[in-house]
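Undergrad:
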Amino acid sequence: MHRGVVVAVGALVGCGRIGFDASDGSGRIDAPACTVTPRYVTSACLDHDGGAQASLAVALPAAIPAGTLVVASLDYDDLNATVSISDTLGSTFVPASAAFQSTRQTAQTFHAIAPADGTDTITASWSASIQTMTLFVHAYSGIDLAQPLVNAAGKLGSSRTLMTDPIAVAAHELVVAHGNIVNVGITGAGPDLTVRQTCNDNMTADLVAAAAGSVTPMFDADGAAPWIVTATTYRPAVCP
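Its first residue numbered 1, the sequence shown is counted upward by one per residue in the numbering used here.
(1) Does Gly154 come out as helix, strand or coil in the three-state DSSP assignment?
(2) Please state whether the Cβ-Cβ distance between Ser141 and Val169 is less than 9 Å.
(3) Just the C-alpha distance for His48 and Met133, rounded to the nearest angstrom, thanks.
(4) Is the distance from the Cβ of Phe219 to the Cβ of Met163 below 9 Å?
(5) State the DSSP-derived secondary structure class of Val36, mapped to helix, strand or coil.
(6) The ligand NAP and Leu207: does any heavy atom of the ligand fall closer than 8 Å to the residue's C-beta?
(7) Does the beta-carbon of Ser102 have 16 or more other beta-carbons within 10 angstroms, so that it is buried, or is it exposed?
(8) Considering only C-alpha positions, which residue in the set His172, Pro217, Leu135 is nearest to Asn200?
(9) For Ala177, I'd like the list of residues in its chain whose CB is within less than 6 Å of its CB, leaving aside the five on either flank, ordered along the chain.
(10) My understanding is that Asp222 touches Thr187, with C-beta atoms under 8 Å, so please give their C-beta distance in whole angstroms.
(11) Leaving out five residues on either side along the sequence, give the residues of the same chain with a beta carbon under 6 Å from the beta carbon of Val71.
(12) In angstroms with no decimal places, state the Cα-to-Cα distance between Thr119 and Ala225.
(13) Tell me the rounded alpha-carbon separation between Arg160 and Val150.
(14) For a test of the three-state rule: what should DSSP assign to Pro226, helix, strand or coil?
(15) Between the alpha carbons of Leu145 and Val184, how many angstroms are there, rounded?
(16) Which parts of the segment 80-117 are runs of the beta strand (DSSP E), unbroken and 3 residues or longer, counting only runs that do not cross its ends?
(17) If you run the structure through DSSP and keep just helix, strand and coil, what is Leu56?
(18) Arg39: which of Ser158, Ala210, Val229 sits nearest, CA to CA?
(19) Quick check on this structure: which residue in Ala96, Ser91, Gln53, Leu60 has the alpha carbon closest to the alpha carbon of Ser73?
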């Protein structure tokens with residue numbers, strides 16, 4: 001509860017909104033930090049469908065600076081093999097989502113913060129050789145470096161529409177979604193999502209939340225079939 005005279009002034013700045021408020025009777029004016037709007041930097045994907053192999057590498061088409069969020073989403077036709085992610089910048093990739101499985105498919109997302117500037121090749125390595133695999137890699141700026149991940153969701157189904165349950169988001173949070181389907185193809189993404197990559201008829205897309213609320217990442221397919229959707233949300237950086 002505020003005491004004394006309350007003064008409220010708002011100012012729009014390049015990286016968000018700053019509000020000024022007298023929070024106590026001392027006359028001190030507190031300025032809550034604004035947040036940076038995350039920005040898409042670059043992405044790439046690669047699929048393999050043929051002879052069994054135990055790794056797949058994707059090179060980002062442009063160099064990235066230190067502090068870039070790198071999101072790696074993958075799907076593959078095995079229910080037992082485990083997977084890890086590494087890159088040429090020496091990033092430490094950690095699981096952002098659980099491994100979701102449907103029919104014979106597994107889908108999972110990892111992320112890392114790039115420790116240095118440079119070109120980057122990201123490699124997925126499996127514990128066993130498998131026949132079919134796809135690796136999607138995306139890079140974003142403007143993400144909180146200390147605690148980037150906010151939430152992760154996944155859902156299984158069998159239909160022409162692929163979607164997660166609603167996900168709560170704060171303003172300026174980044175949402176990265178990955179859709180995987182068997183035997184048919186994903187043809188597009190739902191409202192507000194920007195498609196980034198399509199490989200092996202699977203797709204990734206993203207959005208930045210304009211305001212606090214909820215989002216439901218979804219994709220459309222050209223036929224009904226078993227599918228997996230994963231979505232991860234990331235915290236925006238605080239303005240310097």
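Each residue gets a CB set at the ideal place from its N, CA and C atoms; glycine is no exception.
TA: If we stick to the structure as given:
(1) In the structure shown, Gly154 falls within a strand segment according to DSSP collapsed to helix, strand and coil.
(2) 9 Å or more divides the Cβ of Ser141 from the Cβ of Val169.
(3) Distance between the alpha carbons of His48 and Met133 is about 5 Å.
(4) Result yes, Cβ atoms of Phe219 and Met163 sit closer than 9 Å.
(5) Val36 falls in the coil class under three-state DSSP.
(6) Of ligands this structure carries none, so the ligand NAP is not represented either.
(7) Label assigned to Ser102: buried.
(8) Checking every option, the nearest Cα to that of Asn200 belongs to Leu135.
(9) Answer for Ala177: Ala205, Pro217, Ala231, listed in chain order.
(10) Going by Cβ atoms, the distance from Asp222 to Thr187 rounds to 5 Å, so yes, they are a contact pair.
(11) Excluding five sequence positions before and after Val71, the CB atoms of its chain that fall closer than 6 Å to its own CB belong to His111, His138, Val176, given in chain order.
(12) Take the alpha-carbon of Thr119 and the one of Ala225: they are about 37 Å apart.
(13) Between Arg160 and Val150, the alpha-carbon positions lie close to 29 Å from each other.
(14) Pro226: strand per DSSP, three-state reduction.
(15) Rounded to whole angstroms, the gap between the alpha carbons of Leu145 and Val184 is 38 Å.
(16) With a minimum length of 3 residues, the continuous beta strand (DSSP E) runs that stay inside the segment 80-117 are 83-87, 100-102, 105-113.
(17) Leu56: strand per DSSP, three-state reduction.
(18) Checking every option, the nearest Cα to that of Arg39 belongs to Ala210.
(19) The residue with the shortest Cα to Cα distance from Ser73 is Ala96.
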